[in-house]
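Since the structure comes first, as structure tokens, the remarks are kept for the end.
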Amino acid sequence: MSATLHEMLEEAARRYPERTAVDDPGGGTLSYAALNRLSDQLRDRLISLGVESGDRVGIYMVKSIDAIGSIFGILKAGAAYVPVDPGAPPARCAYILNNCSVRVIITERRLADALVAELQALGSVPPLLLLDEATGDDLLPLARLLDQEQSASPVPTVSSVDPGPDGLAYILYTSGSTGKPKGVMLTHRCAVSYVDWCTDVFSPTSEDRFSSHAPLHFDLSILDIYVPLKHGATLVLIGEEIGKDPLKLAPLIAEKRITVWYSTPSILSLLAQYGKLARYDYPALRFVFFAGEVFPVPQLRALHALWPHPRYFNLYGPTETNVCTYYEVPPVIPADRTEPFPIGKTCENLECKVVDLDGSTVPRGEEGELVVWGPNVMIGYWNLPDLNAAAFLMDPDGKRWYHTGDLVVEEPNGDYIFHGRRDRMVKRRGFRVELGEIEAGLATHPLAKEVAVVALPDKDAGVKIRAFLSLKNGQKPTIIEMKQFCMEKLPKYMVPDTFIFLEALPRTSTDKIDYQTLKTQ
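Right under this line is the structure:
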């Protein structure tokens, strides 16, 4: 049994050297042996650049075979990878990479200038490995770069570093209530425990073909990448453009003979509504996993009618815990069911319980906050000691329970029913969104005097975000101008759907912004 993530690749390369490890519909395929060699070359180069065990290395590129090779090269160097969204504003990406003091950044040349300018403004630009555009030859941009570097400045072949199971493996940054994203630190033990649980429950084989729909900075990517590569299966990369276009995505799933699909419910709903799934055959598909947000029953029922043969699983868990509960949707969805299905029972390698505001366990059947303990749980947030102190509940037995912030009720059979949030965090397109971070971004608008953001339920989108602003000097920007401003400050999934301008924002009797009143406007 592997103790680290890169050992999984090394073992698979020994067992299945010629099998296809990664299939990129736009960029060819790579065998296990070739992927292992590519990551070895990067490991050697990173170590020559001074990367040591425990360091962080940034990945700022679109999802590709090169990105997968980069992940394993970083892990083999004993470092942790920090993936950032190439579609997000460069200022946000630079903040993340600067915040965790990455030692090296692997990026595409076309993205580098804007990133470097933002890093210079923050005071530090680490060494960059710059990848050129892919060409028509058989050599990947990363392989081409490493060959060029080796010719110009040879470095020795070294052994992969063993950081141990408690070594930091990756940091995923999520939306933060303070207005800045926060880094979730996860070790090899966290991820390996999760991958081993997936192995026990879903029994993947070397014949499987897993979708990789989630971006690398999204926690769904952990199952996408490591479960297939542990078992000699094939990882089918799905780019952002195709991934959001149901008319292109539906035939791709059929053509690539994907056996395990994993995405947010919103993508699956788009497929069911607009993908014209009935045109294609999906005999290979045996699992459909969904996570990140509630799957409304009408949309799930519509998908189930079009894809009746796979087993469907609701996988629940914040980034901080990987998946911590799971629920298998019954083969027949009752016609009279309207409520979303449960988030399910606790994963067998973890413990969950429901607590009140004082941290005391509540009786089964009563609402409370779900807390989680076990090997999947993060070690903490990067460089945020106060937030770490508040994030965990310590019990007399010495167990460190993570506060999910999610309100649930435990049913008599042990299934948990999701009842909402305790704070101002919402899930949108599967991503965690702190409304406070949107407010902080909007507050930097030169005309903004007061800002408030609310989230409203929406039967199609799950949630709609509405922004309210009072402005200086009575000036009023256009909606297009506001959208463009937000795109420069926030990731796409955090840009509000609507903007409403008021003379002044409503206040409560204690002079706080009256969010309840705003929700009715």
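Residue 1554, in this note's numbering, is where the sequence shown stops; the numbers in between run on with no holes.
For glycine and all other residues, C-beta sits at the position ideal for the given N, C-alpha and C.
**Asked** Given VAL1321, which residues of its chain have a CB within under 6 Å of its CB, disregarding the five upstream and five downstream residues?
**Response** TRP1294, PRO1343 and TYR1345
Candidates ARG1070, GLY1091, PRO1351 and ALA1124: which alpha carbon is nearest LEU1179's?
ARG1070
**Q.** Nearest-angstrom Cα separation, counted from GLN1153 out to ALA1145
**A.** 12 Å
- Can you check DSSP and say which residues form a bridge with CYS1385? VAL1405
Coil, strand or helix - THR1354 by DSSP
helix
Quiz item: Between the beta-carbon of LEU1475 and the beta-carbon of PRO1510, is there less than 8 Å?
Solution: no
With DSSP run on the structure shown, which of helix, strand or coil describes ASP1491? strand
inquiry  = Measuring only the C-alpha atoms, how far is LEU1504 from VAL1486?
reply    = 15 Å
Check your understanding: Over what stretch of residues does the beta strand (DSSP E) that includes GLY1061 continue unbroken?
Key -> 1061 to 1064
For ASP1118 and LEU1063, I'd like the C-alpha separation in whole angstroms. 24 Å
Which residue from PRO1364, GLY1111 and VAL1496 puts its Cα closest to that of LEU1075? GLY1111
MET984, DSSP secondary structure in three states: As displayed, the chain neither begins before 1034 nor continues past 1554, which places residue 984 out of reach and without an answer.
Bridge-paired residues (DSSP) for ASP1439: ARG1454
- Figure out for me which residue from PHE1323, TYR1526 and VAL1095 has the closest Cα to the Cα of ASP1165. VAL1095
- Query: Between the C-alpha atoms of LEU1038 and ASP1547, what's the straight-line distance to the nearest angstrom?
  - Reply: 48 Å
- prompt: Just the Cα atoms here: how many angstroms apart are GLY1087 and ILE1366?
  reply: 48 Å
*Do the CB positions of THR1207 and VAL1191 come within less than 8 Å of each other?*
no
| field | Three or more C-beta pairs below 8 Å linking the stretch 1303 to 1318 and the stretch 1222 to 1239 | value | no
DSSP three-state assignment for GLU1361, whether helix, strand or coil:
strand
Give the list of continuous alpha helix (DSSP H) stretches no shorter than 4 residues that lie fully inside the stretch 1198 to 1241. 1221 to 1235
* So ASN1131 packs on TRP1415, CB below 8 Å; how close in whole Å? -> About 12 Å separates the two Cβ atoms, so there is no contact after all.
Does the stretch 1385 to 1396 come into contact with the stretch 1459 to 1472, if we say contact requires no fewer than three beta-carbon pairs (one atom in each stretch) closer than 8 Å? no
Exercise. Locate the beta strand (DSSP E) running through ARG1465, then write down its first and last residues.
Key: 1464 to 1467
query: Beta carbon of PRO1198, beta carbon of VAL1228: below 8 Å?
result: no
- Query: Anyone know if the C-beta pair for CYS1223 and ASN1409 falls short of 8 Å?
  - Reply: yes
State buried or exposed for THR1220, treating a residue as buried only when at least 16 other CB atoms are found within 10 Å of its CB. buried
Item to check | Whole-Å CB distance - VAL1405 paired with THR1354, under 8 Å assumed | outcome: 5 Å
GLY1091 - partner residues in DSSP beta bridges = VAL1115 and ILE1138
Those runs of the beta strand (DSSP E) which lie wholly inside the stretch 1241 to 1272 and span at least 3 residues: 1242 to 1245 and 1267 to 1270
Q. From which residue to which residue does the beta strand (DSSP E) around THR1565 run?
A. This structure leaves residue 1565 out entirely; the chain is present only between 1034 and 1554.
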